[in-house]
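Chains as they are written, first to last, in our numbering: chain W, 11 to 366; chain X, 11 to 366. See below for the structure under consideration.
There are 2 protein chains.
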Amino acid sequence: MAHTPPMMRPLVISIDAMGGDNAPNVIVEGVEYYLNNSPGKYQVKFFLHGDETELQPLLSEQKQAAAHAEIKHSSEHITIDTKLSHALRHGQQMSMWRAIESVKNGEADAGISAGNTGALMAMSRMILRMKGGMQRPALAAIWPNITGMSVILDAGANVTCTAAQLMKFAVLGDTYFRSLYQVEKPRIAILNNGTEGTKGNKTVQEAHKRLSESEIGLNYVGFVEGNCISSGDIDVVVTDGFTGNIAVKTAEGTARHIGILFRETLQSTLWSRFTAFLNYIRFRRLKEMMDPRKMNGGVFLGLNGIIIKSHGGTDSVGFANAVSIAVKLARSSMLEDMEKTLMVLHNEDDDTGFLG
Amino acid sequence: MAHTPPMMRPLVISIDAMGGDNAPNVIVEGVEYYLNNSPGKYQVKFFLHGDETELQPLLSEQKQAAAHAEIKHSSEHITIDTKLSHALRHGQQMSMWRAIESVKNGEADAGISAGNTGALMAMSRMILRMKGGMQRPALAAIWPNITGMSVILDAGANVTCTAAQLMKFAVLGDTYFRSLYQVEKPRIAILNNGTEGTKGNKTVQEAHKRLSESEIGLNYVGFVEGNCISSGDIDVVVTDGFTGNIAVKTAEGTARHIGILFRETLQSTLWSRFTAFLNYIRFRRLKEMMDPRKMNGGVFLGLNGIIIKSHGGTDSVGFANAVSIAVKLARSSMLEDMEKTLMVLHNEDDDTGFLG
Numbered sequence: 011m012a013h014t015p016p017m018m019r020p021l022v023i024s025i026d027a028m029g030g031d032n033a034p035n036v037i038v039e040g041v042e043y044y045l046n047n048s049p050g051k052y053q054v055k056f057f058l059h060g061d062e063t064e065l066q067p068l069l070s071e072q073k074q075a076a077a078h079a080e081i082k083h084s085s086e087h088i089t090i091d092t093k094l095s096h097a098l099r100h101g102q103q104m105s106m107w108r109a110i111e112s113v114k115n116g117e118a119d120a121g122i123s124a125g126n127t128g129a130l131m132a133m134s135r136m137i138l139r140m141k142g143g144m145q146r147p148a149l150a151a152i153w154p155n156i157t158g159m160s161v162i163l164d165a166g167a168n169v170t171c172t173a174a175q176l177m178k179f180a181v182l183g184d185t186y187f188r189s190l191y192q193v194e195k196p197r198i199a200i201l202n203n204g205t206e207g208t209k210g211n212k213t214v215q216e217a218h219k220r221l222s223e224s225e226i227g228l229n230y231v232g233f234v235e236g237n238c239i240s241s242g243d244i245d246v247v248v249t250d251g252f253t254g255n256i257a258v259k260t261a262e263g264t265a266r267h268i269g270i271l272f273r274e275t276l277q278s279t280l281w282s283r284f285t286a287f288l289n290y291i292r293f294r295r296l297k298e299m300m301d302p303r304k305m306n307g308g309v310f311l312g313l314n315g316i317i318i319k320s321h322g323g324t325d326s327v328g329f330a331n332a333v334s335i336a337v338k339l340a341r342s343s344m345l346e347d348m349e350k351t352l353m354v355l356h357n358e359d360d361d362t363g364f365l366g
Numbered sequence: 011m012a013h014t015p016p017m018m019r020p021l022v023i024s025i026d027a028m029g030g031d032n033a034p035n036v037i038v039e040g041v042e043y044y045l046n047n048s049p050g051k052y053q054v055k056f057f058l059h060g061d062e063t064e065l066q067p068l069l070s071e072q073k074q075a076a077a078h079a080e081i082k083h084s085s086e087h088i089t090i091d092t093k094l095s096h097a098l099r100h101g102q103q104m105s106m107w108r109a110i111e112s113v114k115n116g117e118a119d120a121g122i123s124a125g126n127t128g129a130l131m132a133m134s135r136m137i138l139r140m141k142g143g144m145q146r147p148a149l150a151a152i153w154p155n156i157t158g159m160s161v162i163l164d165a166g167a168n169v170t171c172t173a174a175q176l177m178k179f180a181v182l183g184d185t186y187f188r189s190l191y192q193v194e195k196p197r198i199a200i201l202n203n204g205t206e207g208t209k210g211n212k213t214v215q216e217a218h219k220r221l222s223e224s225e226i227g228l229n230y231v232g233f234v235e236g237n238c239i240s241s242g243d244i245d246v247v248v249t250d251g252f253t254g255n256i257a258v259k260t261a262e263g264t265a266r267h268i269g270i271l272f273r274e275t276l277q278s279t280l281w282s283r284f285t286a287f288l289n290y291i292r293f294r295r296l297k298e299m300m301d302p303r304k305m306n307g308g309v310f311l312g313l314n315g316i317i318i319k320s321h322g323g324t325d326s327v328g329f330a331n332a333v334s335i336a337v338k339l340a341r342s343s344m345l346e347d348m349e350k351t352l353m354v355l356h357n358e359d360d361d362t363g364f365l366g
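Below is the structure:
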């Protein structure tokens with residue numbers, strides 16, 4: 011297929027404009043928000059895959075998006091009734107498929123969808139294929155800590171994992187973190203129910219031993235417990251998808267719970283409402299720091315391409331955050347770096363007779 | 011051994027007064043705090059197991075504790091250098107052993123220790139033995155939610171679990187919750203990475219099927235995700251000890267993280283400090299609601315006796331909370347109720363050929 015080579019054109023982000031609870035409105039508004047609020051915005055172009063009769067009127071209302079986005083018409087999209095098997099066999103006309111295909115074809119540098127997570131993972135895997143030695147992608151999520159951000163993976167794609175998979179997650183997480191935050195040697199830890207070497211199940215113990223002994227150059231610092239994920243001492247938290255999903259959601263639920271208590275406290279009397287008003291700017295800053303939209307944008311790692319999963323229920327600000335992750339990663343050398351380290355890991359596996 | 015039968019004497023709580031980071035001071039002060047702040051205090055008596063030369067001066071400073079506690083001298087206790095194998099073979103003179111033994115002998119109705127968790131579990135199991143069909147106790151922790159409290163088990167004692175174990179945890183958690191909060195039909199759920207029946211690993215799926223079909227009379231409501239533990243819709247959260255430990259600690263860590271951000275926000279300017287001062291009472295109430303000391307006191311379930319594990323680093327208020335849990339459970343029919351339901355479950359297991 012003839013297309014402009016990546017080096018000759020602006021950065022292109024390919025978006026499934028029909029995926030998510032509030033698509034396509036929030037998607038188009040999210041692109042507009044990104045363009046209005048991000049530096050270097052004029053070097054990015056967007057493909058909006060979806061129904062042009064729906065998208066055209068929305069796009070014409072958004073000045074920046076209209077100037078930087080191109081609608082790529084697709085006649086179908088995934089709905090709540092779509093079966094995964096159907097989408098994988100007959101989904102070629104679907105907006106999600108097309109969004110991924112643009113990445114596969116090299117027409118785009120990264121793809122985003124707020125649609126069904128399972129479908130996005132399976133479709134990405136089928137279209138883009140996995141990097142050498144990997145079976146399924148890992149979903150990396152962003153985790154706010156005291157001093158900045160950490161990442162945690164797998165956040166739900168691989169429910170049961172071997173030690174060899176955890177090793178690969180460490181490599182993927184390391185490269186991802188470096189690409190996103192320009193940190194040279196991210197501190198990597200395995201999530202466990204204690205920090206002593208004897209703690210945990212066989213899988214984490216085996217992965218711990220292997221990571222401690224490996225010479226692939228990761229900055230592995232040992233086990234981390236749930237209460238220290240937010241400490242700011244760890245950059246990359248490695249875990250299986252079952253535990254990772256529960257940890258991420260437990261943190262979300264706890265933050266929401268405290269937020270509710272906090273609001274109730276401030277609104278419980280006229281006096282407290284008045285003093286809260288006096289403190290408005292400070293509280294707004296706190297609210298901003300805890301804003302879950304700033305954490306929106308999970309990345310499927312291990313694919314031959316960059317695919318971002320936005321929360322299905324996010325708003326335009328949250329979607330814009332997913333866009334900014336896509337842009338950062340598309341500008342980085344993440345995929346090439348991953349390839350290299352996975353290759354070194356693969357050689358080490360052969361040496362140690364380690365089986366995935 | 012001759013001792014007063016339980017019905018003829020006041021309720022007795024047996025305490026390992028030497029266990030914990032700040033023992034024995036915090037232990038004695040915790041008993042005093044409990045006696046000064048709890049209704050029905052005069053019907054409770056305490057055994058303080060430990061070094062009498064250390065305990066006597068501390069006790070004589072506390073008016074209520076001195077009147078209600080009896081020192082039971084023991085010459086040894088577990089230190090940071092004590093090996094578990096040594097404690098289990100030669101620990102008969104240790105304060106933790108003696109505290110458990112008082113429960114075993116029927117001299118006391120419940121035991122508490124803030125000492126080493128692994129040692130307390132192993133020693134309790136050895137001295138008190140497990141209820142029929144159980145291999146190891148489950149550690150149940152208290153989890154604050156929007157409307158009150160939930161419990162979660164296992165919080166760390168059983169790192170890998172079978173579906174049959176999760177079934178037993180459901181029974182134990184049900185009886186525990188009923189005993190602690192006088193709720194007739196606690197809502198029980200299995201912690202999972204999604205609520206659809208297809209989600210999760212084989213173990214949770216098998217336990218889910220079994221609990222859905224069981225006729226032992228539990229109010230099983232299905233899967234719960236990490237972000238809904240705090241929703242107030244679930245009373246008993248069932249999970250393996252690895253995941254449970256990580257969920258409990260992740261929630262603790264997130265709450266602490268937000269607490270730090272909140273304090274920084276309020277103290278960032280003189281003005282915000284002033285308005286926070288105006289709001290002092292409201293914030294104090296919020297702080298109280300989130301006070302981790304109110305959640306102090308894990309319970310080892312499945313033993314032939316009531317054993318409470320206090321956090322090692324808690325203060326006297328936290329220890330008093332563990333005491334109040336011990337008193338509530340000792341006054342309840344928890345052990346007999348558990349025995350009955352486990353028996354019914356055991357019969358159902360036989361019928362279904364279900365293997366633990």
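Just so it is clear, CB atoms sit at the ideal spot from N, CA and C, and this is done for glycine as well.
Just the Cα atoms here: how many angstroms apart are residue i and residue j?
| i | j | result |
| --- | --- | --- |
| Phe329(W) | Met136(W) | 25 Å |
| Asn331(X) | Asn46(X) | 12 Å |
| Asn24(X) | Asp347(X) | The displayed chain sequence assigns Ser, not Asn, to residue 24(X). Using only the alpha carbons, I get a separation of about 22 Å. |
| Phe179(W) | Ala180(X) | 33 Å |
| Ile200(X) | Arg19(X) | 40 Å |
| Leu352(X) | Arg108(W) | 55 Å |
| Gly254(X) | Asp164(X) | 6 Å |
| Ala150(X) | Gln102(X) | 27 Å |
| Ile335(W) | Leu176(W) | 23 Å |
| Leu68(X) | Gly236(W) | 36 Å |
| Ala129(W) | Val234(X) | 22 Å |
| Leu355(W) | Ser241(W) | 29 Å |
| Gly166(X) | Phe310(X) | 10 Å |
| Ile275(W) | Gly269(W) | The residue you asked about is not Ile; residue 275(W) is Thr in the sequence shown. About 10 Å. |
| Gly232(X) | Ala173(X) | 14 Å |
| Arg197(X) | Ser224(X) | 15 Å |
| Asn314(X) | Lys141(X) | 6 Å |
Is residue i helix, strand or coil by DSSP?
| i | result |
| --- | --- |
| Met11(W) | Bear in mind that a pLDDT of 43 at Met11(W), under 50, signals an unreliable position, so the number given afterwards is only what the model happens to contain. Coil at Met11(W), not helix or strand. |
| Gly366(W) | Confidence at Gly366(W) is low in this model, with a pLDDT of 44, below 50, so the placement of that residue should be treated as unreliable; the coordinate-derived value is given next. Coil, per DSSP. |
| Val161(W) | strand |
| Asp359(W) | helix |
| Ser84(X) | coil |
| Asp347(W) | helix |
| Met144(X) | coil |
| Ala167(X) | coil |
| Ala129(X) | helix |
| Ile122(W) | strand |
| Ile8(W) | Outside the shown range of chain W, which is 11 to 366, sits residue 8(W), and nothing can be said about it. |
Got a sec, what are the start and stop residues for the alpha helix (DSSP H) residue i sits in?
| i | result |
| --- | --- |
| Glu62(W) | 62-70 |
| His25(X) | Per the sequence shown, residue 25(X) should be read as Ile rather than His. Here Ile25(X) belongs to no alpha helix (DSSP H); instead the beta strand (DSSP E) covers 21-26. |
| Gly40(X) | 35-47 |
| Ile335(W) | 326-341 |
| Lys423(W) | The requested residue 423(W) does not occur in the structure, where chain W is confined to residues 11 to 366. |
Can you have a look at residue i and say buried or exposed, based on whether 16 or more other CB atoms are within 10 angstroms of its CB?
| i | result |
| --- | --- |
| Gly263(X) | buried |
| Glu80(W) | exposed |
| Lys114(W) | buried |
| Gly307(W) | buried |
| Leu365(X) | Reliability fails at Leu365(X), whose pLDDT of 47 lies under 50, so the model's placement of it is uncertain and the value that follows must be treated cautiously. Exposed, since its Cβ has fewer than 16 Cβ neighbours within 10 Å. |
| Glu8(X) | Residue 8(X) is absent from the model: chain X starts at 11 and stops at 366. |
| Ala97(X) | buried |
| Asp31(X) | exposed |
| Gln72(X) | buried |
| Lys259(W) | buried |
| Pro147(X) | buried |
I'd like the span of the beta strand (DSSP E) that includes residue i, first residue to last.
| i | result |
| --- | --- |
| Ser95(W) | Looking at the DSSP string, Ser95(W) is not in any beta strand (DSSP E); the run it does join, the alpha helix (DSSP H), is 94-100. |
| Lys319(W) | 317-319 |
| Gly308(W) | 308-311 |
Problem set entry | Uninterrupted beta strand (DSSP E) stretches inside the stretch 181-241 of chain X (no shorter than 3 residues) | List check, beta strand (DSSP E) in window: 197-201, 229-234.
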